[in-house]
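Undergrad: Going by the working numbering, the final residue of the sequence shown carries number 810, and the count climbs one at a time with no gaps.
Every residue, glycine too, gets a C-beta built ideally from N, C-alpha and C.
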Amino acid sequence: MKKVMLSAVAPSNRLTLGNYLGALKNWVNLQKQYDCLFFAVDMHAITVKQDPEELRRETRRAVATYIASGIDPKECTLFVQSHVPQHAELSWVLTCFATMGELGRMTQYKDKSAKQGAHIPAGLFAYPVLMAADILLYGTHLVPVGEDQKQHLELTRDIAERMNGLFGDDLFVIPEVYIPPVGARIMSLQDPTQKMSKSDPDPNSAIYLGDTSDQIIKKIKRAVTDSGSEVTWSDEKPGVKNLITIQCALTGKKPEEVVSGYAGKMYGHLKVETAEMVAAHLAPVRAEVERLMADTAYLDGVLKMGAQNARNRAQKLLDRVYDRVGFLPRS
Ligand code: TRP
480 MKKVMLSAVA PSNRLTLGNY LGALKNWVNL QKQYDCLFFA VDMHAITVKQ
530 DPEELRRETR RAVATYIASG IDPKECTLFV QSHVPQHAEL SWVLTCFATM
580 GELGRMTQYK DKSAKQGAHI PAGLFAYPVL MAADILLYGT HLVPVGEDQK
630 QHLELTRDIA ERMNGLFGDD LFVIPEVYIP PVGARIMSLQ DPTQKMSKSD
680 PDPNSAIYLG DTSDQIIKKI KRAVTDSGSE VTWSDEKPGV KNLITIQCAL
730 TGKKPEEVVS GYAGKMYGHL KVETAEMVAA HLAPVRAEVE RLMADTAYLD
780 GVLKMGAQNA RNRAQKLLDR VYDRVGFLPR S
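This is the structure:
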């Protein structure tokens with residue numbers, strides 16, 4: 480039996496080069512090795528204000544981006560969260576076993592709620608419980624998440640262990656963070672000590688997968704580099720290091736190999752060449768996303784198949800949970 484690996488993306492923001500190189504591209508290499516589930520979390524997206532038409536479009540785009548990056552819908556279970564009602568159902572049960580104190584300590588909640596003024600949606604507070612349901616519903620072993628989501632995964636484990644203690648050790652599989660053997664951590668182009676983030680207010684800090692080649696080239700040429708001029712791989716030169724990391728992720732080369740190609744050259748060369756490599760790499764991905772976005776029948780077909788598969792799998796676990804907590808069987 481293959482181990483279950485699961486990850487999800489919020490459709491509320493456009494994906495960046497960081498998501499692509501750090502996550503998506505890695506998963507493509509893992510999809511045969513693991514039993515993979517990937518989905519777009521539209522129900523998480525509405526914890527903050529959304530435009531309905533935009534949410535629908537971005538949910539499709541998230542799925543199209545998975546496929547364009549090489550995720551094979553025949554190999555993996557690819558779906559949209561709201562198409563599988565078991566996520567909401569399990570989430571309610573878990574809400575009754577998570578505490579106010581735990582949820583109040585979540586740093587993402589603190590950050591996001593601080594931006595909401597006096598009217599903080601309760602959904603923002605409950606967000607990590609829905610994420611726990613996403614994960615626990617499929618007996619997930621491995622969750623490849625970034626630094627910012629580790630606290631949510633820790634909470635998922637705490638809730639699962641607590642309920643296993645009450646209802647039997649075989650109720651939930653305790654999931655673990657998956658740390659990829661090779662994983663590129665791509666940093667902001669404007670502040671290379673920070674991770675490249677899709678929610679950074681400065682559009683020059685991130686390359687979005689939808690950016691045109693011109694935009695990509697301009698942003699990378701304007702990337703903040705460091706003092707000095709020699710291209711070296713060092714923590715003292717985070718800007719230069721970031722560009723080298725991007726090249727490594729695109730070509731599979733080691734940092735030393737990339738650095739040796741710049742002996743006697745300046746930062747400018749590194750910027751221009753990195754810019755052109757990224758633009759050339761992303762152009763076909765972008766074209767494929769657009770092609771898929773126009774092929775609604777195909778995308779809907781993929782999502783229908785994915786949701787059916789996910790619902791069948793999820794119902795088994797949900798039945799067990801409902802039984803253990805004492806709900807009457809549905810006849
Ligand atoms: N909270 C995650 C993020 O913001 C998205 C997410 C929702 C997720 N459910 C998940 C990630 C389950 C991994 C597993 O990136």
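As a quick exercise: from GLY785, ALA789, PHE806, pick the residue whose alpha carbon is nearest that of THR542.
TA: Here residue 542 refers to the residue found at position 63 of the sequence shown. In the sequence as displayed, the identity of residue 542 is Val instead of Thr. Cα-wise, what sits closest to VAL542 is GLY785.
Undergrad: Over the uninterrupted alpha helix (DSSP H) stretch that includes ASP779, give me the two end residues.
TA: The residue given as residue 779 occupies position 300 in the sequence shown. That run of the alpha helix (DSSP H) goes 775-804.
Undergrad: In its own chain, which residues sit with a C-beta less than 6 Å from the C-beta of LEU761, not counting the 5 before and 5 after it?
TA: Within the sequence shown, residue 761 is the residue found at index 282, counting from 1. Counting only Cβ-Cβ distances below 6 Å, and skipping sequence neighbours, we find nothing.
Undergrad: Looking at ALA502 and VAL764, is the spacing between their C-beta atoms short of 7 Å?
TA: Within the sequence shown, residue 764 is the residue found at index 285, counting from 1. Within the sequence shown, residue 502 is the residue found at index 23, counting from 1. In this structure, VAL764 lies away from ALA502, with their beta-carbon atoms at least 7 Å apart.
Undergrad: Determine which residues share a DSSP beta bridge with CYS515 and list them.
TA: As a first step, residue 515 is located in the sequence shown; it is residue number 36 there, counting from the start. According to DSSP, CYS515 bridges with MET484.
Undergrad: If you check the beta carbons only, do LEU797 and GLU640 fall under 7 Å apart?
TA: Within the sequence shown, the letter at position 318 stands for residue 797. Within the sequence shown, the letter at position 161 stands for residue 640. It is not a contact, given that the beta carbons lie outside the stated cut-off.
Undergrad: Count the other C-beta atoms from every protein chain shown that fall within 10 angstroms of the C-beta of GLU735, then say buried if there are 16 or more, exposed otherwise.
TA: Stepping through the sequence shown from its first residue, residue 735 is reached at position 256. Answer is exposed; the Cβ neighbour count stays below 16.
Undergrad: So is ILE658 buried or exposed if we call it buried at 16+ other beta carbons inside 10 Å?
TA: Mapped onto the sequence shown, residue 658 falls at position 179. With fewer than 16 Cβ atoms within 10 Å of its Cβ, ILE658 is classed as exposed.
Undergrad: Taking the alpha-carbon positions, what's the GLU715 to LEU509 distance?
TA: To locate residue 715, count along the sequence shown from 1; it is residue 236. To locate residue 509, count along the sequence shown from 1; it is residue 30. If I take the Cα positions, the gap works out to 33 Å.
Undergrad: How should GLY811 be labelled, buried or exposed, when 16 other C-beta atoms within 10 angstroms of its C-beta is the threshold for buried?
TA: Coverage of the chain is limited to positions 480 through 810, which leaves residue 811 absent and any answer about it impossible.
Undergrad: Between HIS748 and VAL737, what straight-line distance do the alpha-carbon atoms span, to the nearest angstrom?
TA: Numbered from 1 along the sequence shown, position 269 holds the residue referred to as residue 748. Numbered from 1 along the sequence shown, position 258 holds the residue referred to as residue 737. HIS748 and VAL737: Cα-Cα distance of roughly 12 Å.
Undergrad: Would you call GLY647 buried or exposed, if buried means 16 or more other Cβ atoms sit within 10 Å of its Cβ?
TA: Along the sequence shown, one-based indexing puts residue 647 at 168. Counting of Cβ neighbours within 10 angstroms places GLY647 among the exposed residues, the total staying below 16.
Undergrad: Please name the residue in LEU616, MET756, VAL781 whose C-alpha comes closest to that of LEU573.
TA: Here the question's residue 573 lines up with position 94 in the sequence shown. Answer by Cα proximity: LEU616.
Undergrad: Would you tell me roughly how many angstroms separate the C-alpha atoms of ILE686 and LEU645, rounded to the nearest one?
TA: Within the sequence shown, numbered from 1, the residue matching residue 686 stands at position 207. Within the sequence shown, numbered from 1, the residue matching residue 645 stands at position 166. Approximately 47 Å, taken between the alpha carbons.
Undergrad: Do the CB positions of VAL563 and ARG790 come within less than 7 Å of each other?
TA: Taking the sequence shown and counting its residues from 1, the one referred to as residue 563 is at position 84. Taking the sequence shown and counting its residues from 1, the one referred to as residue 790 is at position 311. In this structure, ARG790 lies closer than 7 Å to VAL563 by Cβ.
Undergrad: Using the C-alpha atoms, what's the distance from GLN560 back to MET522?
TA: As a working note, residue 522 is residue 43 in the sequence shown. As a working note, residue 560 is residue 81 in the sequence shown. Each residue's alpha carbon lies about 7 Å from the other.
Undergrad: Assuming VAL622 contacts VAL656 (C-beta within less than 8 Å), just tell me the rounded distance between them.
TA: Sequence index remark: in the sequence shown, residue 622 carries index 143 (1-based). Sequence index remark: in the sequence shown, residue 656 carries index 177 (1-based). Between VAL656 and VAL622 the Cβ distance is about 6 Å, and since that is below 8 Å, they are a contact.
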